[in-house]
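Accompanying notes for the structure given below.
Protein chains: 2
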Amino acid sequence: MQRYFIDNEDFFIEYAFIKNQDAHHIRNVMRMQKNDEVSIIVDSCEYLSRIENIEKEQIKVMITKKIENSNELNTNITIAHGLVKKDKMEQVVKTISELGAYAYYPVIMKRSTVTLDKNKEFKMDRCKLISKEAAELSRRVEMTKVFQPISFEQILSKSVFFDLCLVAYENEDKQNSLDIVLKSFKSKNVLVIVGPEGGIDQSEIDVLMERNFKKISLGKRILSTITAPIAVTSILAYYFELGITNEN
Amino acid sequence: MQRYFIDNEDFFIEYAFIKNQDAHHIRNVMRMQKNDEVSIIVDSCEYLSRIENIEKEQIKVMITKKIENSNELNTNITIAHGLVKKDKMEQVVKTISELGAYAYYPVIMKRSTVTLDKNKEFKMDRCKLISKEAAELSRRVEMTKVFQPISFEQILSKSVFFDLCLVAYENEDKQNSLDIVLKSFKSKNVLVIVGPEGGIDQSEIDVLMERNFKKISLGKRILSTITAPIAVTSILAYYFELGITNEN
Numbered sequence: 001m002q003r004y005f006i007d008n009e010d011f012f013i014e015y016a017f018i019k020n021q022d023a024h025h026i027r028n029v030m031r032m033q034k035n036d037e038v039s040i041i042v043d044s045c046e047y048l049s050r051i052e053n054i055e056k057e058q059i060k061v062m063i064t065k066k067i068e069n070s071n072e073l074n075t076n077i078t079i080a081h082g083l084v085k086k087d088k089m090e091q092v093v094k095t096i097s098e099l100g101a102y103a104y105y106p107v108i109m110k111r112s113t114v115t116l117d118k119n120k121e122f123k124m125d126r127c128k129l130i131s132k133e134a135a136e137l138s139r140r141v142e143m144t145k146v147f148q149p150i151s152f153e154q155i156l157s158k159s160v161f162f163d164l165c166l167v168a169y170e171n172e173d174k175q176n177s178l179d180i181v182l183k184s185f186k187s188k189n190v191l192v193i194v195g196p197e198g199g200i201d202q203s204e205i206d207v208l209m210e211r212n213f214k215k216i217s218l219g220k221r222i223l224s225t226i227t228a229p230i231a232v233t234s235i236l237a238y239y240f241e242l243g244i245t246n247e248n
Numbered sequence: 249m250q251r252y253f254i255d256n257e258d259f260f261i262e263y264a265f266i267k268n269q270d271a272h273h274i275r276n277v278m279r280m281q282k283n284d285e286v287s288i289i290v291d292s293c294e295y296l297s298r299i300e301n302i303e304k305e306q307i308k309v310m311i312t313k314k315i316e317n318s319n320e321l322n323t324n325i326t327i328a329h330g331l332v333k334k335d336k337m338e339q340v341v342k343t344i345s346e347l348g349a350y351a352y353y354p355v356i357m358k359r360s361t362v363t364l365d366k367n368k369e370f371k372m373d374r375c376k377l378i379s380k381e382a383a384e385l386s387r388r389v390e391m392t393k394v395f396q397p398i399s400f401e402q403i404l405s406k407s408v409f410f411d412l413c414l415v416a417y418e419n420e421d422k423q424n425s426l427d428i429v430l431k432s433f434k435s436k437n438v439l440v441i442v443g444p445e446g447g448i449d450q451s452e453i454d455v456l457m458e459r460n461f462k463k464i465s466l467g468k469r470i471l472s473t474i475t476a477p478i479a480v481t482s483i484l485a486y487y488f489e490l491g492i493t494n495e496n
């Protein structure tokens, strides 16, 4: 069954409209017809629906029933990732959206090799679309929220709203493994900072330590800036959903 | 420090030769000179060495000392992955090589969308090179061994040599989480089968169950054929190296 996130304003309890690229997808890619079934997702709820009318600009669907969907994690995992090139960012966003991450912030860090042009908007549209498509395919009812790049200072300000703030740090030794950190917290909102290609600068680590971030190791091997956020999301999602921490 | 895997036959205890693409990399990309230091890896051992002589075809290095490197996992994780297109395979191999996987087998499965041309060799050279480069960058002393595509029957025959055989299965319920399976095994060699794009066919699952494979869930969300092997390797590597299983 095809699944489409729609905007709240296109949902009218008994019927709804699917628009833009999704309407194009239904009409020209899937070549669906009147009465074919699709699933729509709005405000974290999923509904079975039947195509009523196919127009050029929008598809009208009739809601037939609400679908039970509990595929979201109970813990919100937010990844703050040192700003990297868009192709790498897209690969990370696609994968962590499948894995169930709550949000993704690109963060301008000391060793980021990508710099922002202050006179030009840094367009995240494609990244947001990738997050949406990955969430649809992985049967989520929420997509990973993708934000505009922010400064290191801005992520520090935001960090006060999280129950647990972690930083993946390659020089961290075995004693401070994720496991031990997680055992001591009942976390609902977790923030994880992962460095850009060049890693996290020592001065940034020092600031994070002052702000009560916990350093965690992801293992002895050095992970690339694409692999590290994916690995940490895999491990955290597993931990919070299926792992030992929640069972004890 | 640049790191290069070299062949056993190029290693002579006091000196060694770096050849082919790596020689090119030292000469033309890194523009290194005589007396510059590189690290070489041979037979799972790492050695600090000094460049002695730069020729067109090879670089002669003098071994200065052995480097202690314990970055390999104690558990061998082998991924058997339903045959997918080469770009996807390369992305998986790159990532699991960083994460510490032992071996990667592409497996021809019922729902593989890629078919093999029997009259043509399926070239895995680029995939092997990607595995080597990822292992060098992640500071491993072994690269993930990348094999030619094999049949489903062949992976079944090989499975008898593993202590624990798992299959990632999307319909598996929470009760059979990886956690519970791992708790009951002290595993040295783990094989994990992950399906191709179309997933694993029920008839294949039935055969795997007869052969004592354990079905495992990676969470409630449906993971793509690229993400699933990466997630399972992340979780297993974490588990065996830093997780609870080894501590109890």
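As they're listed, the protein sequences go chains A and B. The opening residue of the first sequence carries number 1 in my numbering; numbering runs sequentially from there. The opening residue of the second sequence carries number 249 in my numbering; numbering runs sequentially from there. All residues carry an ideal CB built from backbone N, CA and C; glycine is no exception. Note that the structure is predicted; figures quoted are calculated from it, not measured.
Quick one: list the residues of chain B neighbouring A:G199, beta-carbon separation under 7 Å, in chain order.
-> What you label residue 199 of chain A is simply residue 199 of the first sequence in a count that begins at 1. Neighbours of A:G199 on chain B: none; closest Cβ ~12 Å, over 7 Å.
Can you find a CB in chain A that lies within less than 8 Å of the CB of B:I483?
-> Translated into the one-based positions of the second sequence, residue 483 of chain B becomes position 235. Yes, its Cβ sits closer than 8 Å to a Cβ of chain A.
With a cut-off of 8 Å, do at least 3 Cβ pairs link the segment 158-172 of chain A to the segment 205-217 of chain A?
-> Touching, yes.
Secondary structure of B:N324, DSSP reduced to three states | Here residue 324 of chain B is taken as the residue at index 76 of the second sequence, counted from 1. Three-state result, B:N324: strand.
Which chain A residues are close to B:E346, counting only those with a beta carbon under 7 Å from its beta carbon?
-> Numbered from its first residue, the second sequence carries residue 346 of chain B at position 98. The contacting residues are R221, L223, S224, T227.
Nearest neighbour of A:M1, chosen from A:A16, A:N20, A:E9, A:I51 [CA to CA] | Residue 1 of chain A sits at position 1 when you count from the first residue of the first sequence. Answer by Cα proximity: A:I51.
Touching by the beta-carbon criterion (3+ pairs, under 8 Å), the segment 184-197 of chain A and the segment 76-84 of chain A = Touching, yes, given that three or more Cβ pairs across the two stretches are closer than 8 Å.
Cα-Cα, which of A:K188, A:L166, A:D7, A:T75 is closest to A:I180?
-> Counting from one through the first sequence, the residue named residue 180 of chain A turns up at place 180. Measuring from the Cα of A:I180, the nearest candidate turns out to be A:L166.
Across which residues does DSSP place A:V190 in a beta bridge pair?
-> Here the question's residue 190 of chain A lines up with position 190 in the first sequence. For A:V190, which the question treats as bridged, DSSP gives the partners A:I77, A:L164.
For A:V93, which residues of its own chain have a beta-carbon under 7 Å away from its beta-carbon, when the five flanking residues on both sides are left out?
-> Taking the first residue of the first sequence as position 1, residue 93 of chain A is located at position 93. Once the five neighbours on either side are set aside, the close Cβ partners of A:V93 are Y104, C127, I130, S131, T144, V146.
Members of the segment 70-84 of chain A near chain B, C-beta cut-off 9 Å | S70, N71, E72, L73: these are the residues of the segment 70-84 of chain A whose beta carbon lies less than 9 Å from some beta carbon of chain B, given in chain order.
Cβ distance (whole Å) where B:E305 is taken to contact B:A271 below 8 Å = Locating residue 305 of chain B in the second sequence gives position 57, counting from the first residue. Locating residue 271 of chain B in the second sequence gives position 23, counting from the first residue. So it is a contact: roughly 7 Å between Cβ atoms.
Taking B:L385 as the query, report the chain A residues whose CB atoms sit under 8 Å from its CB, ordered along the chain.
-> Here residue 385 of chain B is taken as the residue at index 137 of the second sequence, counted from 1. Residues of chain A passing the Cβ test: I222, S224.
Under a CB-based cut-off of 8 Å, is B:I288 close to chain C?
-> Absent from the structure: chain C. Protein chains present are A and B.
Alpha carbon to alpha carbon, how far is B:N437 from B:V480?
-> Here residue 437 of chain B refers to the residue found at position 189 of the second sequence. Here residue 480 of chain B refers to the residue found at position 232 of the second sequence. Approximately 15 Å, taken between the alpha carbons.
Considering A:Y239, what are the terminal residues of the alpha helix (DSSP H) in which it resides?
-> The sequence position of residue 239 of chain A within the first sequence is 239, counting from 1. Here the alpha helix (DSSP H) through A:Y239 covers 227-241.
Nearest-angstrom Cβ-Cβ length linking A:I226 and A:Q21, presumed shorter than 8 Å | For the purposes of this step, residue 226 of chain A is taken as the residue at position 226 of the first sequence. For the purposes of this step, residue 21 of chain A is taken as the residue at position 21 of the first sequence. Actually they are not in contact, since the Cβ atoms of A:I226 and A:Q21 sit about 26 Å apart, beyond 8 Å.
Listed by chain order, chain B residues near A:S217 by CB distance under 8 Å | On the first sequence, residue 217 of chain A is found 217 positions in, with the first residue counted as 1. For A:S217, the neighbours in chain B by C-beta distance under 8 Å run, in chain order, L490.
At least one CB of chain A closer than 8 Å to the CB of B:A479: is that the case?
-> The residue labelled residue 479 of chain B in the question sits at position 231 within the second sequence. By this cut-off, B:A479 is an interface position.
Would a C-beta distance cut-off of 8 Å place B:I311 and B:F253 closer than the cut-off?
-> By one-based count along the second sequence, residue 311 of chain B stands at place 63. By one-based count along the second sequence, residue 253 of chain B stands at place 5. No, they are not a contact pair.
For B:F370, three-class secondary structure by DSSP = For this step, residue 370 of chain B is matched to residue 122 along the second sequence. Note: B:F370 maps to coil in three-state DSSP.
Might you give, ordered along the chain, the residues of its own chain that have their beta carbon closer than 8 Å to the beta carbon of B:E320, omitting 5 neighbours on each side?
-> To locate residue 320 of chain B, count along the second sequence from 1; it is residue 72. Apart from sequence neighbours up to five positions away, the residues of its chain that approach B:E320 with a beta-carbon distance below 8 Å are S292, G348, R388, V389, E390, ordered along the chain.
Whose C-alpha, out of B:K282, B:S386, B:H273, B:L456, is nearest the C-alpha of A:K220?
-> Locating residue 220 of chain A in the first sequence gives position 220, where the first residue counts as 1. Taking only the C-alpha atoms, the option nearest A:K220 is B:S386.
Whole-angstrom distance between B:L430 and B:T493, CA atom to CA atom = As a working note, residue 493 of chain B is residue 245 in the second sequence. As a working note, residue 430 of chain B is residue 182 in the second sequence. Since pLDDT at B:T493 reaches only 37, below the 50 mark, its modelled position is unreliable, and the value read off the structure follows with that caveat. Taking the CA atoms as reference points, B:T493 sits about 7 Å from B:L430.
A:Q148 and A:F122 look like a contact to me (Cβ under 8 Å); what is the Cβ gap, rounded to whole Å?
-> Position 148 of the first sequence holds residue 148 of chain A. Position 122 of the first sequence holds residue 122 of chain A. Confirmed, about 6 Å.
Beta-carbon of A:Y104 versus every beta-carbon of chain B: anything under 8 Å?
-> In the first sequence, counting from the first residue as 1, residue 104 of chain A sits at position 104. For A:Y104, the answer is no, since every Cβ of chain B falls outside 8 Å of its Cβ.
Where does the unbroken alpha helix (DSSP H) through B:E452 begin, and where does it stop?
-> As a position in the second sequence, residue 452 of chain B is number 204, starting the count at 1. According to the DSSP assignment, B:E452 belongs to the alpha helix (DSSP H) that extends over 450-458.
Report, in whole angstroms, the separation of the C-beta atoms of A:I235 and B:S482, which I expect to be a contact under 8 Å.
-> Translated into positions along the first sequence, residue 235 of chain A becomes position 235. Translated into positions along the second sequence, residue 482 of chain B becomes position 234. Correct: roughly 6 Å between the Cβ atoms.
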